[in-house]
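The opening position of the sequence shown corresponds to residue 9 in this note's numbering, with each subsequent residue numbered one higher.
Beta carbons: idealized from backbone N, C-alpha and C, even for Gly.
Because the structure is a prediction, the values reported are computed rather than measured.
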Amino acid sequence: MKKGRKLFLWACMAMGFVYVMPVSAGELNDVIFQAMEEEAARSMKNLHIDVFDPPYFISYQVRQQDHAEVSASFGALLDSKSGTQRSLFVDIRIGDPSFDSSTPGSHQFQVEQLVPLDDDLMSLKRALWYETDLRYKQGIMNYLKKKGRFISGVEEHKLPDFASGNDPVVHLEPVAELTVPMKEWEGLAREISGYFKSAPEIEKSRVTFQADRGVRHHFDTDGNRIRDVSLNYSVLIEAWTKSESGNMIHDQDILMFTEMDRFPPSGVLAEKVKRLIESVNRLRTAEKMDPYVGPALFSPDAAAVLFHEAAGHRLEADRLRDANDGKTFLRKVGKLILPSFLTLVDNPGIKQFHEQNLVGYYQFDDEGQMAREVVLVENGVLKNFLLSRTPVLGFNRTNGHARSDGHRLPMSRMANFIVRSDRRLAPAELKRQLIEQVLQQKKPFGLYVKKIAEGETQTETGDFQVFKGKPLYLYKVFPDGREQLVRGVEFVGTPISMLAKIAATGDDEAVINGFCGAESGRLPVATVTPSVLLTEVELQASHEQKLRPPILPPPPG
């Protein structure tokens, strides 16, 4: 991944109550858009050097991020802070849409520069001027290098670099205020984290409350002018301990929501701490399992990781322009890639599913294009990809899935990734079918995967094309229905083979909110999926870092 520059100013303050004033629709927004429009017009007309023309396209994005956080451990406050960050990203294209300075597979990163928090026209214009100049000169170098690769025959150029966008839009949302009761949060964090004091086997713990408001201003020379606002809240409860053999164990409970009135009461949080303590204690004494091949049942939590890693990332089309990508599904449009009872959809435009917030919601992507629902796989057949304005073979129109963290070039990414099934069974029936598979395959047991700690996949040709996932809560399921918690293994398998072995799903669809890190940054994503039954999975022994448990017990009292 190509590294570039990041611009931001971070201002921190300590206070008992954070009240972030709503940004006026007049002064601040007029100033930001005015600075963008004037600098873009000046650069499109006059920014050139030697034989090189001015850019044919400029995109500016200014993001203001307001953040508040409180954390505590074992009944004592660890941190209480709030701050504001304003960042700028500039995308400049030199040449023309058929061949320009962009480089597929390269996602520039910006190093530190100051962007003023004050709404001062000249200061904003100077920041835009400086970064535009830098990006223009970098763009010329990229253009010449790219031209050389194609002239020498190292790479071929069969597709245009930039597709036409949708009709330009002006979309200006009111800026909601962010109010966070910091003193109340501090007291609650102390109270909830204090429940860990009754668990001597817990070596470390932390309870964290976070609130974020993002205000994004997007302007480009196609005529798009967008101001939108996002509000996000989260609760993170974490615990660390060691198994009897010295293996480090970490588990967490994460709640993510977009409305402050969904913040859980203290009784709910206290119960979550108690359940987390019980869960990690069971892991401490879990039996280590040998490598295994056989049937497995994935809970919605675990199935979300499976679909996200094995299918989702391979449907993000920008990677298909990268010469080093494995292009798993590029030439499989119209062909069966999943069991015929499964359909995959991504829809950034829905806010909730069964009254649960979806953190992947947005109306316009980071190229200023309207987000659209995309049926990726219908009845098992590949129909489409997640698309930005970068064309891929057979697809020349964006569907509004270009996403970025504001510091990197946007690329097509998942948002609200939804799994639909025509073969839905009750949980009890799904377990019965798991046991039936165990008996048919003459296995001593099957597996129930309740939670996967982490998942990863590689899509490049230089890497093994595999999906890996490390189960945190993994149970042997015996023919008589008994379940036994085990540990010490991880899933490994090729994505196409693994997905093809899905035999049925549950009727227990659930929302799994989280963050996904990829080339264009760490972004909020939601997955909606039921449980899934696989006729065969493969598990290999996982690496375990063994550490000596504490010599003394924790201090009394």
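Less than 8 Å between C-beta atoms, sequence neighbours within five positions excluded: which residues of the same chain meet that for residue i?
| i | result |
| --- | --- |
| Lys509 | Leu542, Thr543, Glu544 and Val545 |
| Ser131 | Pro124 |
| Arg94 | Phe16, Leu17, Val70, Arg71, Gln72, Gln73, Val123, Pro124 and Leu125 |
| Ile200 | Ala80, Val215, Ile245, Ser274, Leu277, Ala278 and Val281 |
Please state whether DSSP places residue i in a helix, a strand or coil.
| i | result |
| --- | --- |
| Gly525 | strand |
| Arg556 | coil |
| Asp430 | coil |
| Trp248 | strand |
| Pro435 | helix |
| Asn387 | coil |
| Gln260 | strand |
| His75 | strand |
| Ser550 | coil |
| Ile443 | helix |
| Pro62 | coil |
| Met297 | coil |
| Asn255 | strand |
| Arg329 | helix |
| Gln566 | Within the shown structure, residues of the chain are numbered from 9 to 565, placing residue 566 beyond reach of any answer. |
| Glu211 | coil |
| Arg490 | coil |
| Ser109 | coil |
| Asn365 | strand |
| Pro303 | strand |
| Gly496 | coil |
| Gln449 | coil |
If you drop the 5 nearest sequence neighbours on each side, which residues of the same chain put their C-beta closer than 6 Å to that of residue i?
| i | result |
| --- | --- |
| Ala220 | Going by the sequence as given, residue 220 is Asp instead of Ala. Here the set comprises His75 and Asn240. |
| Val78 | Ser88, Trp193, Glu194, Ala197 and Phe217 |
| Asp99 | Ser67 |
| Pro399 | Leu167, Pro168 and Ala171 |
| Pro452 | none |
Using 8 Å for Cβ pairs, my map puts residue i next to residue j. What's the rounded Cβ distance?
| i | j | result |
| --- | --- | --- |
| Phe306 | Ser539 | 6 Å |
| Asn387 | Thr351 | 6 Å |
| Asp309 | Lys484 | Contact flag wrong, Cβ pair sits at about 18 Å. |
| Leu344 | Val389 | 6 Å |
| Pro176 | Asp230 | 5 Å |
| Ala247 | Ser213 | 5 Å |
| Leu384 | Val353 | 7 Å |
| Gly249 | Glu211 | Looking at the sequence itself, residue 249 is Thr, so the reference to Gly does not match. So it is a contact: roughly 6 Å between Cβ atoms. |
Look at the alpha carbon of residue i and the alpha carbon of residue j, and state the distance between them as a whole number of angstroms.
| i | j | result |
| --- | --- | --- |
| Pro42 | Gln72 | It is worth fixing the name first, because residue 42 is Gln in this sequence and not Pro. Going by the C-alpha atoms only, they are around 17 Å apart. |
| Leu188 | Asp126 | Inspection of the sequence shows that residue 188 is occupied by Val rather than by Leu. Going by the C-alpha atoms only, they are around 22 Å apart. |
| Tyr369 | Glu381 | 11 Å |
| Val341 | Leu167 | 18 Å |
| Phe475 | Gly402 | 27 Å |
| Val536 | Asp515 | 12 Å |
| Met422 | Arg428 | 16 Å |
| Asp104 | Phe60 | 12 Å |
| Gly376 | Asn255 | 47 Å |
| Phe425 | Ala331 | 26 Å |
| Ile234 | Asn174 | 14 Å |
| His362 | Glu139 | 44 Å |
| Leu482 | Val494 | 6 Å |
| Ala511 | Arg397 | 36 Å |
| Pro182 | Val223 | 10 Å |
| Glu185 | Arg143 | 34 Å |
| Ala534 | Val519 | 7 Å |
| Phe349 | Phe204 | 45 Å |
| Lys554 | Ala461 | 18 Å |
| Arg327 | Met378 | 21 Å |
| Ile40 | Lys133 | 9 Å |
| Asp374 | Arg101 | 16 Å |
State yes or no: is the C-beta of residue i within less than 9 Å of the C-beta of residue j?
| i | j | result |
| --- | --- | --- |
| Ala549 | Pro208 | no |
| Ile262 | Ser242 | yes |
| Pro347 | Leu442 | no |
| Leu394 | His409 | yes |
| Glu491 | Lys478 | no |
| His225 | Phe372 | no |
| Asn521 | Leu323 | no |
| Ser110 | Phe158 | no |
| Trp137 | Glu47 | yes |
| Ser412 | Gly529 | yes |
| Pro532 | Met264 | yes |
| Leu55 | Asp141 | yes |
| Met190 | Gly496 | no |
Near residue i, what residues of its chain come up, given a Cβ to Cβ distance below 7 Å and the 5 sequence neighbours on each side ignored?
| i | result |
| --- | --- |
| Phe271 | Tyr241 |
| Gly320 | Met422 and Phe425 |
| Met268 | Tyr241 |
| Asp430 | Phe349 |
| Gln445 | Pro303, Gly454 and Thr543 |
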